[in-house]
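In order, the protein sequences belong to chains A and B. Sequential numbering from 1 applies to the first sequence in this note's numbering. Sequential numbering from 160 applies to the second sequence in this note's numbering. Note that the Cβ used here is the ideal one computed from N, Cα and C, for glycine as well. Read the structure below first, then the notes.
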Amino acid sequence: MAATVSINPATPPIGVLLAVEHLKDSVPVQVQEGKNTGLKVNGDVTFTTVPSICRYLARLAPGKQLYGSNSLEATEVDHWLEFSAGRLGCPADFGDAVQYLNQVLGPRTFLIGHAATLADFAVWGALRSNNLWLNQLDRGKAPPHVTRWFRFLEEQPEF
Amino acid sequence: QAQLEGPVRDIVINTNPSSPPLSLFILYELLKQQFRCFGSVHVHSSVENVPEGLCKCLGNGIRSDLRNRTDFQLAITLIWKDVKPSPQMMMSAAYQTPIHGESNVARYLGRILQPSYDSLDPVTATEIDTWVDMASTQVLLGNNKERAASLRSLNSRLGKHDWLVGSGLTLADIVMWSALHQTGQAAGVPANVKRWMVACNGQPAFQSALKLTQS
Numbered sequence: 001m002a003a004t005v006s007i008n009p010a011t012p013p014i015g016v017l018l019a020v021e022h023l024k025d026s027v028p029v030q031v032q033e034g035k036n037t038g039l040k041v042n043g044d045v046t047f048t049t050v051p052s053i054c055r056y057l058a059r060l061a062p063g064k065q066l067y068g069s070n071s072l073e074a075t076e077v078d079h080w081l082e083f084s085a086g087r088l089g090c091p092a093d094f095g096d097a098v099q100y101l102n103q104v105l106g107p108r109t110f111l112i113g114h115a116a117t118l119a120d121f122a123v124w125g126a127l128r129s130n131n132l133w134l135n136q137l138d139r140g141k142a143p144p145h146v147t148r149w150f151r152f153l154e155e156q157p158e159f
Numbered sequence: 160q161a162q163l164e165g166p167v168r169d170i171v172i173n174t175n176p177s178s179p180p181l182s183l184f185i186l187y188e189l190l191k192q193q194f195r196c197f198g199s200v201h202v203h204s205s206v207e208n209v210p211e212g213l214c215k216c217l218g219n220g221i222r223s224d225l226r227n228r229t230d231f232q233l234a235i236t237l238i239w240k241d242v243k244p245s246p247q248m249m250m251s252a253a254y255q256t257p258i259h260g261e262s263n264v265a266r267y268l269g270r271i272l273q274p275s276y277d278s279l280d281p282v283t284a285t286e287i288d289t290w291v292d293m294a295s296t297q298v299l300l301g302n303n304k305e306r307a308a309s310l311r312s313l314n315s316r317l318g319k320h321d322w323l324v325g326s327g328l329t330l331a332d333i334v335m336w337s338a339l340h341q342t343g344q345a346a347g348v349p350a351n352v353k354r355w356m357v358a359c360n361g362q363p364a365f366q367s368a369l370k371l372t373q374s
């Protein structure tokens with residue numbers, strides 16, 4: 001099944017682009033420039049948010065397990081999709097949110113299980129486009145586990 | 160009765176009595192119709208004066224000392240506690256991050272009700288998730304402006320359809336209905352939303368959820 005995603009190059013939805021890159025062998029997705037982020041499914045349905053587009057693409061290729069490998073992992077993915085769109089995007093909560101993320105990442109390489117999922121894409125993408133985070137990182141003030149995880153993913157060819 | 164893989168699923172949910180998660184009560188009613196459920200409710204010392212209805216919210220007359228937990232397929236322990244964000248769900252402390260938020264706990268219970276949720280129809284599942292996201296981030300956690308915008312989207316959708324997604328009740332309706340009640344908006348909704356709320360209220364599981372908060 002093919003799909004076309006519109007993106008505005010000025011504010012690229014990084015989480016969506018990472019999902020597209022990881023799925024390219026299973027789901028051919030065309031990326032085109034537009035005013036707004038969107039994935040049109042049919043005349044009635046267009047998904048416009050990063051979580052919705054990521055969910056839809058991952059569901060087209062269940063074998064890739066980007067949505068986790070069981071119902072609990074799928075719900076953990078949901079938890080992080082909401083976290084990336086909610087707390088990480090809210091400047092007032094950003095500091096606490098990153099501390100929370102740091103605590104969770106202490107014993108982990110990926111947010112869920114032993115491979116990258118939508119959770120990593122969405123949270124990484126939300127940080128990558130967040131100036132508060134880039135500032136922390138530049139000044140060496142970012143918490144250690146988040147920094148390690150962020151740098152590790154950055155080195156993966158898909159990122 | 161439906162089958163659940165593996166041993167009894169043990170779910171612990173901490174949640175705040177100042178904003179009872181109605182959607183979870185509805186889902187518990189629906190789960191009871193499919194599985195042998197063991198529900199227990201506790202009150203943590205961080206909260207006081209929890210209404211009686213809430214203290215009995217999963218009570219279905221089963222005395223825990225008379226039945227063996229292994230007779231059940233699903234064990235849900237609800238703890239009224241001063242937690243933020245609320246609710247928080249825990250299955251296995253060693254392998255998972257606690258699941259935060261009513262929307263996500265509802266998604267997990269929804270997946271128990273319908274294990275094929277993610278794979279059956281990607282478009283429908285994602286449409287449902289989009290409404291669930293809106294209920295969570297714009298209604299439950301949103302400001303007045305975001306709530307007003309959500310009501311406009313809801314009213315527009317429900318002008319052309321009876322339910323939020325597809326031709327029947329889904330998780331989208333359950334979580335959105337719950338969010339509107341919890342944020343005190345159930346009374347003053349626009350006409351199409353009102354008609355949909357009446358249809359929701361006609362469902363027995365919604366009725367019993369509402370009663371819990373009124374006692």
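- Boundaries of the beta strand (DSSP E) around tryptophan 239 (chain B): 233-239.
- In this structure, the beta-carbon distance from valine 167 (chain B) to leucine 233 (chain B) falls below 8 Å.
- Separation of glycine 86 (chain A) and methionine 293 (chain B) (C-alpha to C-alpha, rounded to the nearest whole angstrom) is 11 Å.
- From the beta-carbon of glutamine 255 (chain B), the residues of chain A found nearer than 7 Å are Leu72, Glu76.
- With the criterion set as a beta carbon lying under 8 Å from some beta carbon of chain A, the members of the region 280-303 of chain B are Pro281, Val282, Ala284, Thr285, Glu286, Asp288, Thr289, Asp292, Ser295, Thr296, Leu300, in sequence order.
- Counted as a single uninterrupted DSSP element, the stretch harbouring leucine 323 (chain B) is not any alpha helix (DSSP H), since DSSP gives it neither H nor E.
- Residue contact with chain B for alanine 85 (chain A): present (Cβ-Cβ distance below 8 Å to some residue of chain B).
- Note on the region 21-83 of chain A: whole alpha helix (DSSP H) runs with a minimum of 4 residues are 50-60, in chain order.
- Comparing alpha carbon positions, the residue from B:Thr329, B:Lys304, B:Leu323 closest to asparagine 351 (chain B) is B:Leu323.
- At a cut-off of 8 Å, the C-beta of serine 52 (chain A) has a neighbouring C-beta in chain B.
- For the region 128-159 of chain A, there are no residues whose beta carbon sits under 9 Å from a beta carbon of chain B.
- Under the three-state reduction of DSSP output, isoleucine 14 (chain A) falls in the helix class.
- For histidine 203 (chain B), the three-state secondary structure derived from DSSP is coil.
- Look at the beta carbons and you see the region 337-355 of chain B touching the region 301-318 of chain B: at least three pairs across the two are nearer than 8 Å.
- Under the 10 Å beta carbon count, serine 251 (chain B) is surrounded by fewer than 16 other beta carbons and is classified as exposed.
- In the DSSP secondary-structure assignment, serine 6 (chain A) is bridged to A:Gln32, A:Gly38.
- For glutamate 82 (chain A), the chain B residues whose Cβ falls inside 8 Å of its Cβ are His259, Gly260, Ser262, Asn263, Asp292, Ser295, Thr296, in order along the chain.
- Within chain B, no C-beta atom comes less than 9 Å from the C-beta of histidine 22 (chain A); the nearest is roughly 16 Å away.
- With fewer than 16 other beta carbons inside 10 angstroms of its own, proline 9 (chain A) counts as exposed.
- With respect to serine 295 (chain B), leucine 181 (chain B) sits apart: the two C-beta atoms are not nearer than 8 Å.
- Against methionine 250 (chain B), the close residues of chain A are Leu72, in the order they occur along the chain (beta-carbon pairs closer than 7 Å).
- DSSP, read as helix, strand or coil, puts glutamine 103 (chain A) in helix.
- Judged by DSSP secondary structure, threonine 289 (chain B) falls within the alpha helix (DSSP H) whose first and last residues are 281-292.
- Using beta-carbon distances, arginine 311 (chain B) does not count as an interface residue toward chain A, since no partner is under 8 Å.
- The Cβ neighbour count for aspartate 120 (chain A), taken over all protein chains shown within 10 Å, is at least 16; the residue is labelled buried.
- Apart from the 5 residues on each side of it in sequence, cysteine 196 (chain B) sits with its Cβ closer than 6 Å to the Cβ of Leu190, Leu233 in its chain, given in chain order.
- Valine 202 (chain B) and tryptophan 80 (chain A) have their C-alpha atoms spaced approximately 28 Å apart.
- Straight-line measurement puts the Cα of alanine 284 (chain B) at about 14 Å from the Cα of asparagine 263 (chain B).
- A Cβ of chain B is located within less than 8 Å of the beta carbon of threonine 49 (chain A).
- In this structure, the beta-carbon distance from aspartate 288 (chain B) to arginine 55 (chain A) falls below 8 Å.
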